[in-house]
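Using my numbering, you'd call the opening residue of the sequence shown number 8 and step up by one each time. The beta-carbon is built from N, C-alpha and C at its ideal position, and this holds for glycine as well. If you're wondering where the values come from, they're calculated on a predicted model, not measured in any experiment. Okay, so here's the structure we're looking at.
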Amino acid sequence: MSRPDMKRARLALRLAAGAAALGLLSGCISFDPDYQRPAAPVPATFPQGAAYAKPAADAAKPVAETGWQDFFVDDGLRAVVGQSLDNNRDLRVAIQNVLAAKATYHVQQAAQLPTLSANGEGGYTRTGAAASRVESKTLAANIGISAFELDLFGRVASLTRAELETYLAQEETARATRITLISEVATAYITYASDKSLLRIAQATMDSAQKTLDLTRKRLSIGVDTRLTVAEAETTFQTARADVANYTTLVAQDLNALEILTGGPVDPAHLPDGIEGHTFTLAALPAGISSDVLLNRPDVLSAEHTLKSANASIGAARAAFFPTVSLTAAAGYASSAFGNLFDAHSQAFSFTPSASVPIFDAGANQGNLDYAKAQQQSAVASYEKAIQTAFEEVANALARRGTIAEQLDAQQATVKSAQTSYDLALALYKQGSNTFLNALDSQRTLYSAQQTLVSVQLTDASNLVTLYQVLGGGIK
Numbered sequence: 008m009s010r011p012d013m014k015r016a017r018l019a020l021r022l023a024a025g026a027a028a029l030g031l032l033s034g035c036i037s038f039d040p041d042y043q044r045p046a047a048p049v050p051a052t053f054p055q056g057a058a059y060a061k062p063a064a065d066a067a068k069p070v071a072e073t074g075w076q077d078f079f080v081d082d083g084l085r086a087v088v089g090q091s092l093d094n095n096r097d098l099r100v101a102i103q104n105v106l107a108a109k110a111t112y113h114v115q116q117a118a119q120l121p122t123l124s125a126n127g128e129g130g131y132t133r134t135g136a137a138a139s140r141v142e143s144k145t146l147a148a149n150i151g152i153s154a155f156e157l158d159l160f161g162r163v164a165s166l167t168r169a170e171l172e173t174y175l176a177q178e179e180t181a182r183a184t185r186i187t188l189i190s191e192v193a194t195a196y197i198t199y200a201s202d203k204s205l206l207r208i209a210q211a212t213m214d215s216a217q218k219t220l221d222l223t224r225k226r227l228s229i230g231v232d233t234r235l236t237v238a239e240a241e242t243t244f245q246t247a248r249a250d251v252a253n254y255t256t257l258v259a260q261d262l263n264a265l266e267i268l269t270g271g272p273v274d275p276a277h278l279p280d281g282i283e284g285h286t287f288t289l290a291a292l293p294a295g296i297s298s299d300v301l302l303n304r305p306d307v308l309s310a311e312h313t314l315k316s317a318n319a320s321i322g323a324a325r326a327a328f329f330p331t332v333s334l335t336a337a338a339g340y341a342s343s344a345f346g347n348l349f350d351a352h353s354q355a356f357s358f359t360p361s362a363s364v365p366i367f368d369a370g371a372n373q374g375n376l377d378y379a380k381a382q383q384q385s386a387v388a389s390y391e392k393a394i395q396t397a398f399e400e401v402a403n404a405l406a407r408r409g410t411i412a413e414q415l416d417a418q419q420a421t422v423k424s425a426q427t428s429y430d431l432a433l434a435l436y437k438q439g440s441n442t443f444l445n446a447l448d449s450q451r452t453l454y455s456a457q458q459t460l461v462s463v464q465l466t467d468a469s470n471l472v473t474l475y476q477v478l479g480g481g482i483k
């Protein structure tokens, strides 16, 4: 290649490199609307009053920074939650969705840089009869870029930002799935413990009713009691017996539900024998009084990333109204014989910019822009709805938290007094100083009070789990 040709080749490569650099810099132009986070459509503070607990001190550790292994203090529950995080299928789906969104983002991100490719080709043609035959051979090898869009108006950059926000939204969705799974496992575990307690209470009541039934039959045989008394005792016994069968079923179903969440069998050593006397979680959570804590919930963050993605899509739709400039460039070798393909005189180059200017598209670009704007407004509404839902969930959990301690204390006192009443009524009946109906009523009252106490204990423990979830509890 002559010196002028070499200069032209270098110039072409420099122009190509300069054009590529221009493409990188041109993405700085953006038609995205200026993003402003929508104002939260909820009060600045959570409700206060008789139904609500006093807020924790400002120095308290935020819930989002409280890892689940710190929040759950029961070793069996920790083990079961850990098993679910390793095996749960819903969580696996969420993780794969994140990886898919990440890959899509990387594909779109790659469009901001030129794609270099090496190419080789060969050709052979022959025309005419034998006497006037013309033959030609061509061989070529080059490296270059093909149809690289110079992002002069930020269209590609806007699409990349949109994919990035979609990917980040999927990450937050996966985090929400993880927190929800932890909460569901804990609730299922506590429900299992509750039904185990109810089964034990029903069994104890059935055993007691059996003894009372035997006693009334003996008294009937000696003429002290009537057949009515025996029938009433029989009714109490059969009711408790039916409850035993029912709670036996519920315990089995609770275990089935728990094993679905954990993705496999649960070690019996990790299962609770009842709800009484168990401390499953920390005693309290620092809810605070500002609704700003809701902005860190993963579902709210996911909604905001979706809104930002829609915002960037508007920029891409606006940029589509402007010309598209593309670049194709290559440098390499071309020859009719392989032996001299890579000789200096076989060097070749090409530099082909192109531009496309939208003139008439029957309103397609405007339709795309209108669609992007509508999607953005829909994302705003979804974001605001996510905050409203979060506020309601936290407020309801706080209302329960503020009164549950008093309810629990009152129910424990009720069980204690009901037990005393039943013991006295049964003793007086055995002495002949009381009717069986009074003893029977006392037994039923005690049974009901014991069941209610377990229900309140379940509500107490489950509410803390719920509060941990709705405040965006940590996942470490």
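- A straight-line Cα-Cα distance of about 13 Å links Val332 and Phe358.
- Taken atom to atom, the span from the alpha-carbon of Ser215 to that of Ala47 is near 58 Å.
- DSSP links Thr452 through a beta bridge to no other residue.
- Under the 10 Å beta carbon count, His312 is surrounded by 16 or more other beta carbons and is classified as buried.
- Rounded to the nearest angstrom, the gap between the Cα atoms of Thr288 and Ile186 is 15 Å.
- Taking the C-beta atoms as reference points, Leu227 is found no nearer than 7 Å to Ser91.
- Here Gly83 has His277, Leu278 and Pro279 as same chain residues with Cβ atoms under 7 Å from its own Cβ, once five neighbours each way along the sequence are excluded.
- In this structure, Thr466 is the residue among Thr466, Thr73 and Ala397 with its C-alpha nearest to the C-alpha of Arg408.
- Lys437 and Arg451 have their C-alpha atoms spaced approximately 18 Å apart.
- Bounds of the beta strand (DSSP E) holding Ala355 are Gln354 to Ser363.
- The criterion of a C-beta distance shorter than 7 Å is satisfied by Gly322 and Asp39.
- Taking the Cα positions, Pro360 is about 9 Å away from Phe155.
- A Cβ-Cβ distance of about 12 Å is found for the pair Thr173 and Ala110, leaving them out of contact under the 8 Å criterion.
- Taking C-beta atoms as the reference points, Arg85 and Phe78 fail to come closer than 7 Å.
- Rounded to whole angstroms, the gap between the alpha carbons of Gln76 and Asp430 is 43 Å.
- Here the C-alpha atom of Phe367 lies approximately 57 Å from the C-alpha atom of Leu474.
- Taking 7 Å as the cut-off, the Cβ atoms of Thr198 and Asp261 count as close.
- Between Asn372 and Phe328, the CB-CB gap stays under 7 Å.
- In the structure shown, the three-state DSSP call for Ala327 is coil.
- For the pair of segments examined, the stretch 48-57 was found not to touch the stretch 156-167: the number of CB pairs separated by less than 8 Å stays below three.
- Nearest in C-alpha terms to Ala326, of all of Val231, Val364, Asn253 and Gln245, is Val364.
- Under the 10 Å beta carbon count, Lys423 is surrounded by fewer than 16 other beta carbons and is classified as exposed.
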